[in-house]
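Asker: Residue numbers (the numbering used here), protein chains in the order written: chain A, 53 to 162; chain B, 53 to 162.
Each residue gets a CB set at the ideal place from its N, CA and C atoms; glycine is no exception.
This one's a predicted model, so the numbers in the text were calculated from it and none came from an experiment.
Encoded as structure tokens, here's the structure I'll be asking about.
Number of protein chains: 2
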Amino acid sequence: MPDAGEDVFRVLADPTRRRILDLLAEHEVRTVSELAAEFPDLVASGISKHLMALRAAGLVRATREGRTQLYRIDGDGFARALGPWLAKYEAYWSRSLDTLRTLAESPKPD
Amino acid sequence: MPDAGEDVFRVLADPTRRRILDLLAEHEVRTVSELAAEFPDLVASGISKHLMALRAAGLVRATREGRTQLYRIDGDGFARALGPWLAKYEAYWSRSLDTLRTLAESPKPD
DNA sequence: AGTAAAGTTTACTGATTGGTAAGGCGTTGA
DNA sequence: TCAACGCCTTACCAATCAGTAAACTTTACT
Numbered sequence: 053m054p055d056a057g058e059d060v061f062r063v064l065a066d067p068t069r070r071r072i073l074d075l076l077a078e079h080e081v082r083t084v085s086e087l088a089a090e091f092p093d094l095v096a097s098g099i100s101k102h103l104m105a106l107r108a109a110g111l112v113r114a115t116r117e118g119r120t121q122l123y124r125i126d127g128d129g130f131a132r133a134l135g136p137w138l139a140k141y142e143a144y145w146s147r148s149l150d151t152l153r154t155l156a157e158s159p160k161p162d
Numbered sequence: 053m054p055d056a057g058e059d060v061f062r063v064l065a066d067p068t069r070r071r072i073l074d075l076l077a078e079h080e081v082r083t084v085s086e087l088a089a090e091f092p093d094l095v096a097s098g099i100s101k102h103l104m105a106l107r108a109a110g111l112v113r114a115t116r117e118g119r120t121q122l123y124r125i126d127g128d129g130f131a132r133a134l135g136p137w138l139a140k141y142e143a144y145w146s147r148s149l150d151t152l153r154t155l156a157e158s159p160k161p162d
């Protein structure tokens, strides 16, 4: 049974894609070049493919601005893609989410 | 070190593993045979490998009961593995989590 | 026009990995 | 002790996938 769009978890499985999401969460809006600059070991087309995957999963959306694409996190798509699954397992992670948010700095981030 | 998890998202990327989690969320405790019975197209050792992956990610834990292994969801491990990431993106999915829980099963037009 | 910049698409390749089959290990019961 | 059971491990194969390079598209600049 297909959930919303692509397989979100498969898309999230890649560290580079998660890092892209991190950058978008930090900066709200980034161009492809700006994102690509954060990955010196990767070639631009690779980033593009990752962005396509994130877009297909509904996690980000892009708007043209001249010849640049402005990427940002798609809040609605994010919730649509992850919400049902998160709701199903809410009992398992919500009970310690508060605790985790407080000590979110001490363990090494993802 | 008792690592706080393999790459959780990579583990969650597989539909079979997510289905196993679903079954454990439903039944609380299941043996390997019971789980394997839900996957007629898969061979038992395949299920075992999936369970190992879920265990390495900290999402499930197993206890021996005679010669059978009783698997269940590891609530703490679940929260440890997903909590930080969820906290980081809470703003994006929490705002519509309530709405989504109500229409969690409604079809999604493309 | 001509050219460069910003991204995307395509074709290809090496590394992961999900799957199977076979064998191993510990446990139960005859 | 021996055999069957329940599960895990290993070795291997086919499919997937992340990465690259090169060609292509669209917009901007001169």
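Taking the alpha-carbon positions, what's the A/Asp126 to A/His79 distance?
Answerer: If you take the alpha carbons of A/Asp126 and A/His79, they lie about 13 angstroms apart.
Asker: Could you please tell me which residues of the stretch 97 to 128 of chain B, in chain order, have their CB closer than 8 angstroms to any CB of chain A?
Answerer: The stretch 97 to 128 of chain B vs chain A, Cβ under 8 angstroms: Ile125, Gly127 and Asp128.
Asker: For the alpha helix (DSSP H) containing B/Arg119, name the first residue and the last one.
Answerer: First-last for B/Arg119: undefined, no H or E at that position.
Asker: Shorter than 7 angstroms from the beta carbon of B/Arg62 to some beta carbon of chain A?
Answerer: For B/Arg62, the answer is yes, since a Cβ of chain A falls inside 7 angstroms of its Cβ.
Asker: Using a Cβ cut-off of 8 angstroms, pull out every chain A residue sitting near B/Phe91, in sequence order please.
Answerer: Going along chain A, no residue has its Cβ under 8 angstroms from B/Phe91, so there is no contact; the nearest lies around 16 angstroms.
Asker: Taking C-beta pairs closer than 8 angstroms, name the residues in chain B that A/Leu134 reaches, listed in chain order.
Answerer: Under the 8 angstroms cutoff, chain B gives Trp145.
Asker: Okay, do the stretch 61 to 69 of chain B and the stretch 58 to 74 of chain A touch, 3+ Cβ pairs below 8 angstroms being the bar?
Answerer: With the cut-off at 8 angstroms, the stretch 61 to 69 of chain B and the stretch 58 to 74 of chain A touch.
Asker: Is it true that the CB of B/Trp145 sits closer than 7 angstroms to the CB of A/Gly118?
Answerer: Contact flag unset, no.
Asker: Are the CB atoms of B/Ile99 and B/Leu111 within a distance shorter than 7 angstroms?
Answerer: Not a contact, by the Cβ cut-off of 7 angstroms.
Asker: Could you tell me whether the Cβ of B/Ala131 comes closer than 7 angstroms to any Cβ of chain A?
Answerer: Output row for B/Ala131: interface = yes.
Asker: Mapping the DSSP letters down to three states, classify B/Tyr123 as helix, strand or coil.
Answerer: It is a strand residue.
Asker: Find the nearest neighbour of A/Arg113 within the set A/Lys101, A/Gly129 and A/Thr120, judged by alpha-carbon distance.
Answerer: Comparing Cα-Cα distances from A/Arg113 to each of A/Lys101, A/Gly129 and A/Thr120, the minimum goes to A/Gly129.
Asker: Going by beta carbon distance, what residues of the same chain come within less than 6 angstroms of B/Ala108, once the five residues before and after it are set aside?
Answerer: Excluding sequence neighbours, B/Ala108 sits near Glu58.
Asker: List the DSSP bridge partners of B/Val7.
Answerer: Beyond the ends of chain B as shown, which are 53 and 162, falls residue 7 of chain B; an answer cannot be given.
Asker: Quick check on the DSSP output: the alpha helix (DSSP H) that includes B/Leu73 runs from which residue to which?
Answerer: Segment Pro67 to His79, the alpha helix (DSSP H) holding B/Leu73.
Asker: Kindly indicate if chain B contains any beta-carbon less than 7 angstroms away from that of A/Ala88.
Answerer: So no, A/Ala88 is outside the interface.
Asker: So is A/Ala105 buried or exposed if we call it buried at 16+ other beta carbons inside 10 Å?
Answerer: Buried.
Asker: Give me the residue from B/Glu142, B/Ala77 and B/Ile72 with the minimum Cα distance to B/Lys101.
Answerer: Answer by Cα proximity: B/Ile72.
Asker: By Cβ distance below 8 angstroms, which residues in the same chain neighbour A/Ala77 in space, the five residues on each side in sequence not counted?
Answerer: Cβ neighbours of A/Ala77 beyond the five flanking positions: Ile125.
Asker: Contact defined as beta carbons within less than 8 angstroms: I believe B/Gln121 pairs with B/Val81. What is the distance between those atoms, to the nearest angstrom?
Answerer: With 8 angstroms as the limit, B/Gln121 and B/Val81 do not qualify as a contact, their Cβ atoms being about 10 angstroms apart.
Asker: In this structure, does DSSP put B/Ala109 in helix, strand or coil?
Answerer: Coil.
Asker: With distance defined between alpha-carbon atoms, name the residue in A/Arg116, A/Glu90 and A/Ala131 nearest to B/Tyr141.
Answerer: Considering only alpha carbons, the answer is A/Ala131.
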